[in-house]
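Chemist:
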Amino acid sequence: MLPVERIIGEEGLSATPEGLRLAMRLPWYRSLPFSIVEIDSVHIDGAPVDLSDAKVEFDGSVWPLKDLGEQINAFWFVRDSAFLHIPGQHAEPGSEHEVALSLFISPPYIPGMKRANIQTQTLRVA
Amino acid sequence: MTTTATSTGPQTGVTLYSFTNAWLNRKFELDGLLKEVARRGMGPNIEIIGFQNFREFPDVSDEFAEQFKQMMAEAGLNATSCAINSDRFLRPGAQPIDDATLVEYHKRQLRSAKKMGFSLVRYQFALPVELLPEIAPYAEELDIRMGVEVHAPMWAGHPAVQAYGEMYDKLNTPYLGWIPDFGGTASRIPESMLNAARAKGAKESLLDKLKEVWVEPGMSHEKAGRLREWALKEGHEPDHIQAASLAFFILSNHDPKSWAALVDRTIHIHGKFYGMGDDGREEAIDYETILPLFRDGGFTGTLVSEWEGHAYLPDDGFEQVEKHQAMCRRIFARH
Chain V
47 MLPVERIIGE
57 EGLSATPEGL
67 RLAMRLPWYR
77 SLPFSIVEID
87 SVHIDGAPVD
97 LSDAKVEFDG
107 SVWPLKDLGE
117 QINAFWFVRD
127 SAFLHIPGQH
137 AEPGSEHEVA
147 LSLFISPPYI
157 PGMKRANIQT
167 QTLRVA
Chain D
1220 MTTTATSTGP
1230 QTGVTLYSFT
1240 NAWLNRKFEL
1250 DGLLKEVARR
1260 GMGPNIEIIG
1270 FQNFREFPDV
1280 SDEFAEQFKQ
1290 MMAEAGLNAT
1300 SCAINSDRFL
1310 RPGAQPIDDA
1320 TLVEYHKRQL
1330 RSAKKMGFSL
1340 VRYQFALPVE
1350 LLPEIAPYAE
1360 ELDIRMGVEV
1370 HAPMWAGHPA
1380 VQAYGEMYDK
1390 LNTPYLGWIP
1400 DFGGTASRIP
1410 ESMLNAARAK
1420 GAKESLLDKL
1430 KEVWVEPGMS
1440 HEKAGRLREW
1450 ALKEGHEPDH
1460 IQAASLAFFI
1470 LSNHDPKSWA
1480 ALVDRTIHIH
1490 GKFYGMGDDG
1500 REEAIDYETI
1510 LPLFRDGGFT
1520 GTLVSEWEGH
1530 AYLPDDGFEQ
1540 VEKHQAMCRR
1550 IFARH
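As they're listed, the protein sequences go chains V and D.
Numbering (our numbering) for the first sequence: 47 to 172.
Numbering (our numbering) for the second sequence: 1220 to 1554.
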């Protein structure tokens, strides 16, 4: 996988008091506003995960996933991971799980372009 | 007669975009990357994409601007060009942002670039030409030049370039100019790109058809659509088609000599390239034809080497840039 195609972040998957936290990377060569990012789906060990109450965290800010499209002034710095918080999901620290993430980006200076990105990786829960 | 390039002739430099792989992989922090570029003698003139290397872009703080200037001074590099973006479509599927916001978006980036010590910015055709009269006076006031990037599928003869040229005539200011990107006048599809598609499993019949459609007249996205339709019918895999179609979006095959029409207002150059051959030539773009136009036409700005092989290769780009700069210096030095 090329660096520009990577969407699962180096920080991987971790357990939180509310559920799980998944690191995500922006699959582009430059920073883009969060409004053009669409998280399509997450599967853990093959099962789809309910994202209706999920939140996105970046650089001290947290937004409900469903409001991500409103974040036109929040830029996802291309070097940094953003974190998807998934409440109600539990996994033991140290256990391994196959995580599949699918997301779309629509670069804001190329009208009509929508790129699909999918990555599957086995992650050890931190 | 052979002489070396004087300090008033074209300069060579590099854009940090060439090192996108190393940057995204977090192999370097910004100061480390600048030092590596300096250590390899690739400067002193460099270009940086604001939204690639600066966390605070588009609104850079005074504090970071000072830190950056310090980093550049320590590395012995010159902040020649800052690439800015015309992000109009902030809500996918909805209307673009309004003109006043887009104008202000450009001004924010111009202020940041100036504050960090850049002498010019690269901007994009996504900025509607009729908004230029609102932005150009601001660039004059800040004393920073703006060059619109003529990037594939655009070229000197493209209607958008003509419309900008007319506006440039009307505004008649030295603060506006062109930044040619040679990907618009590629003579062939890079073999390294075809090899990357082969490595993914693309069949020769698909690549043969790609080469055939790529040189046909028409808009890039229409040609990509034509290839896709044919390939699906012939049973090629969607991911092979996607790998092959990359060529339509980053390269087009207009006449390399067509740049002659833009030399006078060229303020900076993107030396786009994909792979340097053992013969010291670029595999897809005919530099031997293109560079003399600028050398003999009086261009005295900087050509930054811009390796874009990271769109399909994991390499770090450093050796490629060294070879490319050597080729450009060799051509510029010849009289």
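For each residue, glycine too, the CB sits at the ideal point set by N, CA and C.
List in chain order: all unbroken alpha helix (DSSP H) runs of 4+ residues lying wholly within the segment 1309-1394 of chain D.
Modeler: List check, alpha helix (DSSP H) in window: 1318-1334, 1351-1361, 1378-1390.
Chemist: Return no unless some Cβ of chain D is closer than 9 angstroms to the Cβ of residue 48 of chain V.
Modeler: Working through the first sequence from its first residue, we reach residue 48 of chain V at position 2. So yes, residue 48 of chain V belongs to the interface.
Chemist: If you measure between the beta carbons of residue 1242 of chain D and residue 124 of chain V, is that distance less than 9 angstroms?
Modeler: For the purposes of this step, residue 1242 of chain D is taken as the residue at position 23 of the second sequence. For the purposes of this step, residue 124 of chain V is taken as the residue at position 78 of the first sequence. Yes; because the gap between Cβ atoms is below 9 angstroms, this pair is in contact.
Chemist: Only counting runs of 3 or more residues, tell me where the beta strand (DSSP E) segments fall wholly within the segment 1455-1485 of chain D, in order along the chain.
Modeler: Complete beta strand (DSSP E) runs here, min 3: none at all.
Chemist: I'd like to confirm the pairing. Which residues does DSSP put opposite residue 1244 of chain D in its beta bridges?
Modeler: The count along the second sequence starts at 1 and reaches residue 1244 of chain D at position 25. According to DSSP, residue 1244 of chain D bridges with nothing at all.
Chemist: Mind listing which residues of the segment 74-88 of chain V have their C-beta closer than 7 angstroms to chain D's C-betas, in chain order?
Modeler: The segment 74-88 of chain V vs chain D, Cβ under 7 angstroms: 75, 76, 77, 79, 81, 82.
Chemist: Any idea if residue 73 of chain V is buried or exposed, counting beta-carbon neighbours within 10 angstroms, 16 or more meaning buried?
Modeler: Stepping through the first sequence from its first residue, residue 73 of chain V is reached at position 27. Answer is buried; the Cβ neighbour count reaches 16.
Chemist: To the nearest angstrom, report how far apart residue 1522 of chain D and residue 1515 of chain D are at their CA atoms.
Modeler: As a first step, residue 1522 of chain D must be located in the second sequence, where it is residue number 303. As a first step, residue 1515 of chain D must be located in the second sequence, where it is residue number 296. Each residue's alpha carbon lies about 14 angstroms from the other.
Chemist: Along chain D, in chain order, which residues have C-beta atoms closer than 7 angstroms to that of residue 115 of chain V?
Modeler: Along the first sequence, one-based indexing puts residue 115 of chain V at 69. Those within 7 angstroms of residue 115 of chain V in chain D are 1310.
Chemist: With a cut-off of 9 angstroms, does the C-beta of residue 110 of chain V fall near any C-beta of chain D?
Modeler: By 1-based counting over the first sequence, the position of residue 110 of chain V is 64. Not an interface residue.
Chemist: Would a check of beta-carbon distances place residue 1436 of chain D closer than 9 angstroms to chain V?
Modeler: Taking the second sequence and counting its residues from 1, one reaches residue 1436 of chain D at position 217. So no, residue 1436 of chain D is outside the interface.
Chemist: Could you name each continuous beta strand (DSSP E) segment of 3 residues or more that falls completely within the segment 1245-1275 of chain D, going from the start of the chain to the end?
Modeler: List check, beta strand (DSSP E) in window: 1264-1268.
Chemist: In angstroms, rounded to a whole number, what distance separates the CA positions of residue 1442 of chain D and residue 1379 of chain D?
Modeler: To locate residue 1442 of chain D, count along the second sequence from 1; it is residue 223. To locate residue 1379 of chain D, count along the second sequence from 1; it is residue 160. Between residue 1442 of chain D and residue 1379 of chain D, the C-alpha separation is close to 20 angstroms.
Chemist: Cα-Cα, which of D:1399, D:1347, D:1294, D:1371 is closest to residue 1320 of chain D?
Modeler: Residue numbering aside, residue 1320 of chain D sits at position 101 when the second sequence is read from its first letter. If we check each option's Cα against that of residue 1320 of chain D, D:1347 comes out closest.
Chemist: Cβ atoms of residue 1469 of chain D and residue 1366 of chain D: under 9 angstroms apart, would you say?
Modeler: Locating residue 1366 of chain D in the second sequence gives position 147, counting from the first residue. Locating residue 1469 of chain D in the second sequence gives position 250, counting from the first residue. For residue 1366 of chain D and residue 1469 of chain D, no; Cβs fall outside 9 angstroms.
Chemist: Please check if any C-beta of chain D sits within less than 9 angstroms of the C-beta of residue 123 of chain V.
Modeler: One-based indexing of the first sequence puts residue 123 of chain V at position 77. Answer yes: the Cβ-Cβ gap between residue 123 of chain V and chain D drops below 9 angstroms somewhere.
Chemist: Below 8 angstroms CB to CB, which residues in the same chain sit around residue 1225 of chain D once its five sequence neighbours on both sides are set aside?
Modeler: Translated into positions along the second sequence, residue 1225 of chain D becomes position 6. With a pLDDT of 46 at residue 1225 of chain D, under the threshold of 50, the modelled position of this residue cannot be trusted; read the value that follows with caution. Cβ neighbours of residue 1225 of chain D beyond the five flanking positions: none.
Chemist: Just reading off the beta strand (DSSP E) that residue 1488 of chain D is part of, what are its end residues?
Modeler: By 1-based counting over the second sequence, the position of residue 1488 of chain D is 269. From DSSP, the beta strand (DSSP E) with residue 1488 of chain D extends over 1488-1492.
Chemist: Measure from the C-beta of residue 1451 of chain D to each C-beta in chain V and report whether the shortest distance is under 9 angstroms.
Modeler: Reading the second sequence from its first residue, position 232 is the one you call residue 1451 of chain D. It does not; no Cβ of chain V falls within 9 angstroms.
Chemist: Are the beta-carbon atoms of residue 88 of chain V and residue 147 of chain V separated by less than 9 angstroms?
Modeler: Here residue 88 of chain V refers to the residue found at position 42 of the first sequence. Here residue 147 of chain V refers to the residue found at position 101 of the first sequence. Yes, Cβ-Cβ distance for residue 88 of chain V and residue 147 of chain V is below 9 angstroms.
Chemist: Please name the residue, chosen from D:1393, D:1426, D:1391, D:1434, that lies closest to residue 1403 of chain D on a Cα-to-Cα basis.
Modeler: The residue you call residue 1403 of chain D lines up with position 184 of the second sequence. Residue 1403 of chain D has its Cα closest to that of D:1434, out of D:1393, D:1426, D:1391, D:1434.
Chemist: Using the rule of at least 16 other Cβ atoms within 10 Å of the residue's Cβ for burial, across every protein chain shown, is residue 119 of chain V buried or exposed?
Modeler: Counting from 1 along the first sequence, the entry for residue 119 of chain V is found at position 73. Under this definition residue 119 of chain V is an exposed residue.
Chemist: Name the chain D residues that come within less than 8 angstroms of residue 127 of chain V, Cβ to Cβ?
Modeler: Reading the first sequence from its first residue, position 81 is the one you call residue 127 of chain V. Correct list: empty, because the minimum Cβ distance to chain D is about 10 angstroms.
Chemist: When you compare the CB of residue 154 of chain V with every CB in chain D, is at least one pair closer than 9 angstroms?
Modeler: The count along the first sequence starts at 1 and reaches residue 154 of chain V at position 108. Closer than 9 angstroms to some Cβ of chain D, the Cβ of residue 154 of chain V qualifies, so yes.
Chemist: Does the beta carbon of residue 1493 of chain D come closer than 9 angstroms to any beta carbon on chain V?
Modeler: Here residue 1493 of chain D is taken as the residue at index 274 of the second sequence, counted from 1. Not one chain V Cβ lies under 9 angstroms of residue 1493 of chain D.
Chemist: Between residue 1376 of chain D and residue 1386 of chain D, what straight-line distance do the alpha-carbon atoms span, to the nearest angstrom?
Modeler: As a position in the second sequence, residue 1376 of chain D is number 157, starting the count at 1. As a position in the second sequence, residue 1386 of chain D is number 167, starting the count at 1. Going by the C-alpha atoms only, they are around 15 angstroms apart.
Chemist: Under a Cβ-count criterion, where at least 16 other Cβ atoms within 10 Å of its own Cβ denotes burial, should residue 1451 of chain D be classed as buried or exposed?
Modeler: Residue 1451 of chain D sits at position 232 when you count from the first residue of the second sequence. Under this definition residue 1451 of chain D is an exposed residue.
Chemist: Among the residues of its own chain, which have a CB less than 8 angstroms from the CB of residue 1336 of chain D, if the five just before and after it don't count?
Modeler: As a working note, residue 1336 of chain D is residue 117 in the second sequence. Closer than 8 angstroms at the Cβ level, and outside the excluded window around residue 1336 of chain D, lie 1284, 1287, 1288, 1291, 1298.
Chemist: Report yes if the CB atom of residue 1294 of chain D is closer than 9 angstroms to the CB atom of residue 1405 of chain D, and no otherwise.
Modeler: The sequence position of residue 1294 of chain D within the second sequence is 75, counting from 1. The sequence position of residue 1405 of chain D within the second sequence is 186, counting from 1. In this structure, residue 1405 of chain D does not lie closer than 9 angstroms to residue 1294 of chain D by Cβ.
Chemist: Interface residues of chain D around residue 139 of chain V at Cβ under 8 angstroms?
Modeler: Indexing the first sequence from 1 puts residue 139 of chain V at position 93. What residue 139 of chain V touches in chain D: nothing, since even the nearest Cβ is about 25 angstroms away.
Chemist: Are residue 1255 of chain D and residue 1537 of chain D closer than 9 angstroms when you measure CB to CB?
Modeler: Locating residue 1255 of chain D in the second sequence gives position 36, where the first residue counts as 1. Locating residue 1537 of chain D in the second sequence gives position 318, where the first residue counts as 1. Yes. Within cutoff.
Chemist: Roughly how many whole angstroms lie between the Cα atoms of residue 1422 of chain D and residue 149 of chain V?
Modeler: For the purposes of this step, residue 1422 of chain D is identified with residue 203 of the second sequence, where counting begins at 1. For the purposes of this step, residue 149 of chain V is identified with residue 103 of the first sequence, where counting begins at 1. Straight-line Cα distance between these residues: approximately 28 angstroms.
Chemist: For residue 79 of chain V, which residues from the same chain have a beta carbon less than 8 angstroms from its beta carbon, with the 5 sequence-adjacent residues on both sides left out?
Modeler: Position 33 of the first sequence, counted from the start, is the residue given in the question as residue 79 of chain V. The residues are 117, 118, 119, 120, 121, 122, 154.
Chemist: Under a CB-based cut-off of 9 angstroms, is residue 1530 of chain D close to chain V?
Modeler: By one-based count along the second sequence, residue 1530 of chain D stands at place 311. Yes, residue 1530 of chain D counts as interfacial toward chain V.
Chemist: DSSP beta-bridge partners for residue 69 of chain V?
Modeler: If you number the first sequence from 1, residue 69 of chain V lands on position 23. DSSP, once it has assigned bridges, lists V:129 as partnering residue 69 of chain V.
Chemist: Strictly under 9 angstroms for the Cβ-Cβ distance: is residue 118 of chain V near chain D by that measure?
Modeler: Translated into positions along the first sequence, residue 118 of chain V becomes position 72. It does: the Cβ of residue 118 of chain V has a partner Cβ on chain D nearer than 9 angstroms.
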